[in-house]
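>
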Amino acid sequence: MDDDLDFNRVQKVTIQRLTLFLQSSTFYHTIFTRTQSFLRAQEKVSGITSQGLPSNQWEVEMAALFDDTLANMQYQMMEYAAGSPRSDAVGVVKSWTNSSDSDRDAAVWESMCDNQRTRDTQGTLNFSILGLSLLFGLGLYIILVSFVLELLLAWAQKKLGRGLYRAKRWERDGTLQQMRLLYEIQGAGVWKGTTEDFPRTTSGDLFEHDEEFSQARSV
């Protein structure tokens with residue numbers, strides 16, 4: 126039959142590869158170790174109860190088996206060139222070392238192994254550039270809004286003249302303003318910005334921190 130079709134050596138070896146992988150990519154090889162777990166109907170079973178199955182469930186099962194079989198075949202095609210990832214794999218088959226093959230066929234088998242290019246996903250992580258861009262863009266937007274929102278609300282309060290007293294009280298009850306009050310009680314420093322978010326001493330003013338005063342006193 127090969128002579129009638131006039132295949133060249135590369136085409137013949139390609140057919141041999143496909144035939145070899147097809148023999149071990151049947152439905153039997155896909156399910157014989159998985160018992161009933163290969164059925165998609167198992168996804169609807171809980172304990173001894175199950176949801177109703179659609180009338181085309183057999184089509185769902187056959188489509189899933191077909192996809193699994195194709196995936197197994199694709200994996201074997203990749204494994205031919207990349208080798209098995211199993212650490213205990215022994216006896217790697219090299220078709221070009223088979224004494225029954227002619228020298229020219231052996232050269233084609235070896236050339237296919239050397240020239241096959243397969244995307245290796247082991248140890249790598251695929252990610253979406255679009256998703257990553259959206260994540261960074263949304264995060265940056267939230268950060269900018271958090272900085273601008275308080276300023277916009279403060280401007281709106283001043284413009285409308287509403288909630289100013291509560292806003293000032295919120296600032297004066299802050300942690301930094303409370304610390305400023307403690308320093309002022311000790312007579313440490315001359316302060317400005319007593320009604321702002323960040324109180325600070327006047328330029329060039331130095332003072333020491335009194336640790337004894339800051340220690341908690343028992344009543």
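Mapping the sequence shown onto the numbering used here, position 90 (from 1) lands on 215, and the numbers just tick up by one.
Just so it is clear, CB atoms sit at the ideal spot from N, CA and C, and this is done for glycine as well.
Since we're looking at a predicted model, the values are computed, not measured.
1) Let me check understanding here. Comparing Cα to Cα, which of Lys169, Asp193, Ser171 and Glu184 lies closest to Tyr153?
2) Give a yes or no on whether the C-beta atoms belonging to Val359 and Arg165 are separated by under 8 Å.
3) Going by DSSP, what residues sit across from Ser175 in a beta bridge?
4) In angstroms with no decimal places, state the Cα-to-Cα distance between Lys137 and Phe191.
5) What does the Cβ neighbour count give for Pro179, buried or exposed, with the cut at 16 atoms within 10 Å?
6) Do the CB positions of Thr300 and Trp316 come within less than 8 Å of each other?
7) Thr155: buried (16+ other C-beta within 10 angstroms of its C-beta) or exposed?
8) Please report the straight-line C-alpha distance between Ser149 and Gln182, rounded to a whole angstrom.
9) Give me, in chain order, the residues of the same chain whose beta-carbon lies closer than 8 Å to that of Phe318; leave out the 5 immediate sequence neighbours on both sides.
10) Rounded to whole angstroms, how far is the Cβ of Ala206 from the Cβ of Gln176, which I believe are closer than 8 Å?
11) Give the secondary structure of Arg297 by DSSP, where H, G and I count as helix, E and B as strand, and everything else as coil.
12) I'd like to confirm the pairing. Which residues does DSSP put opposite Arg325 in its beta bridges?
13) Looking at C-alpha atoms only, which residue of Gln199, Ser171 and Gln302 is the closest neighbour of Arg346?
14) Within a Cβ cutoff of 7 Å, which residues of the same chain sit near Gly312, ignoring the five residues on either side of it in sequence?
15) Of the choices Phe146, Gln282 and Leu276, whose alpha-carbon is the least far from that of Glu204?
16) With Arg242 as the anchor, note down where its alpha helix (DSSP H) starts and where it stops.
17) Where Val215 and Gln201 are concerned, what is the direct C-alpha to C-alpha distance, given to the nearest angstrom?
Result, derived from the coordinates:
1) With distances taken between Cα atoms, Tyr153 lies closest to Asp193.
2) With the chain represented from 126 up to 344, any question about residue 359 goes unanswered, as that position is not in the structure.
3) Its beta-bridge partners are Val170.
4) Between the alpha carbons of Lys137 and Phe191 lies a gap of roughly 26 Å.
5) With fewer than 16 neighbouring CB atoms inside 10 Å of its own CB, Pro179 falls in the exposed class.
6) The answer is no: Cβ separation not under 8 Å.
7) Within 10 angstroms of the beta-carbon of Thr155 lie 16 or more other beta-carbons, which makes it buried.
8) The straight-line gap from Cα to Cα measures roughly 26 Å.
9) Going by the sequence as given, residue 318 is Gly instead of Phe. The residues are Pro324 and Arg325.
10) Taking 8 Å as the upper bound for CB-CB distance, Ala206 and Gln176 are not in contact here, some 44 Å apart.
11) Correct three-state label for Arg297: helix.
12) Partner(s): Lys317.
13) In this structure the chain extends from 126 to 344, so residue 346 is not present and cannot be described.
14) Around Gly312: no qualifying Cβ.
15) Among Phe146, Gln282 and Leu276, the Cα nearest to that of Glu204 is on Phe146.
16) Segment: none, Arg242 is in no alpha helix (DSSP H) and carries neither H nor E.
17) Note that Val215 has pLDDT 47, beneath the 50 cutoff, so the model's placement of it is unreliable and the number below is only indicative. Distance between the alpha carbons of Val215 and Gln201: 16 Å.
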